[in-house]
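J.:
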Amino acid sequence: MPRARLSARRSLALTTAAVALGATFYGVGAASAENSAPRSDKDIPNLTNVVSDIKAYYGDTVDASGEHFASSTSNYAKQVADIESKAKSYLEHANKKVAKPAIVLDVDDTSLLTYNYELEVGFNYSSASNQAYLDNKDMAPVFGMDALTNWAADQGYTVFWITGRPEAQRADTVRNLTAVGYKAPADTAHLYLKNAANPPAYLPCGSTCTTIDYKSGTRAHIESLGYTIVANFGDQYSDLSGGHAEKSYKLPNPMYYLP
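In this note's numbering, the protein residues as written are 1098 to 1356.
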């Protein structure tokens, strides 16, 4: 977030079509989906069924107050755990090859799970509803990512976050990351948020940056400080595209698509 998402959450229809087919939706499919209109209603997955599939994938549980939680035994959690296991095996040795090893993480659905918020707003993101949510609630950590990140920090990796959230959400983001167990400092030197009003000089695109421009440009800036980004974690391909990382790890997210 702010996720300049596709308007009126058209992204849900795009991303969840793959869920209905029993596959994970990735960025390549988005272009073809957007460039051709369905010829029939039969070409469009039923939205109610798609939401049910998403809930089943995350192992939806609801508490007495109506809050939705993903299950640690869900297929989502298992898929994330498999990715984390491979990343840890790689990180165990990669830091010995460089002087200033670092990892970069996205925030939403890479570090913090937006699942409850998404269901609360019917997958219809808005900056106002998102801010209202963050004003009152913390998002849970993505299963295992807090442990992996803390372990990496203990192994000598410097942890950076690069998020599309606006600069105005810095305090909320720091509070949430800290509250759910991320121990690496989420200070101004390690947490990068989008600042449309005063974009940093190292981004030549300024306030007009695409997500890929902003994230890859920020990674390039981190490299200019002497760090080697050994691993980059994100739930969108736009988190990972553009280079400036030795290896990238794509976490699953069938709830929305961000170009």
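Glycine included, C-beta positions come from ideal geometry on N, C-alpha and C.
Could you compute how far the alpha carbon of Ser1337 sits from the alpha carbon of Ala1317?
T.: According to the sequence as given, residue 1337 is Leu; it is not Ser. Taking the straight line joining both Cα atoms gives about 12 Å.
J.: Compute the beta-carbon to beta-carbon distance between Lys1234 and Arg1262, rounded to the nearest angstrom, for a pair I have assumed lies under 8 Å.
T.: Actually they do not touch by this definition, with Cβ atoms about 15 Å apart.
J.: Cutting at 7 Å between CB atoms, please list the residues of its own chain near Tyr1212, excluding the five before and the five after it.
T.: Tyr1155, His1165 and Ala1167
J.: Assuming Ser1313 and Gly1331 make a contact with CB atoms under 8 Å, what is their CB distance in whole Å?
T.: The Cβ separation is near 11 Å, so there is no contact.
J.: Buried or exposed, going by whether 16 or more other CB atoms sit within 10 Å of the CB of Ser1358?
T.: This structure gives no information on residue 1358, because the portion of the chain shown stretches from 1098 to 1356.
J.: Any contact between the stretch 1268-1281 and the stretch 1295-1307? By contact I mean 3 or more CB pairs, one from each, below 8 Å.
T.: no
J.: Going by DSSP, which residues form a beta bridge with Ser1345?
T.: In the DSSP output, where bridge partners are listed per residue, Ser1345 has Asn1329.
J.: With a floor of 3 residues, list each beta strand (DSSP E) that falls wholly inside the stretch 1209-1295, ordered by position along the chain.
T.: 1255-1263 and 1288-1291
J.: So, with DSSP's three-state summary, where would you put Val1204?
T.: In the structure shown, Val1204 sits in coil (DSSP, three-state: anything other than H, G, I, E or B).
J.: Closer than 6 Å by C-beta to Glu1343: which residues in its own chain qualify, once you throw out the five before and the five after it? Chain order, please.
T.: Val1327
J.: For Asn1192, collect the residues of the same chain with a Cβ closer than 7 Å to its Cβ; drop the 5 residues on either side in sequence, then sort them by chain order.
T.: Pro1198, Gln1252, Gly1253, Tyr1254 and Val1327
J.: Since Thr1270 and Thr1260 should fall inside the 8 Å C-beta cutoff, what is the C-beta to C-beta distance between them, to a whole number of angstroms?
T.: 7 Å
J.: Mark Asn1070 as exposed unless 16 or more other C-beta atoms lie within 10 angstroms of its C-beta, in which case mark it buried.
T.: Any question about residue 1070 goes unanswered here, given that the chain covers just 1098 to 1356.
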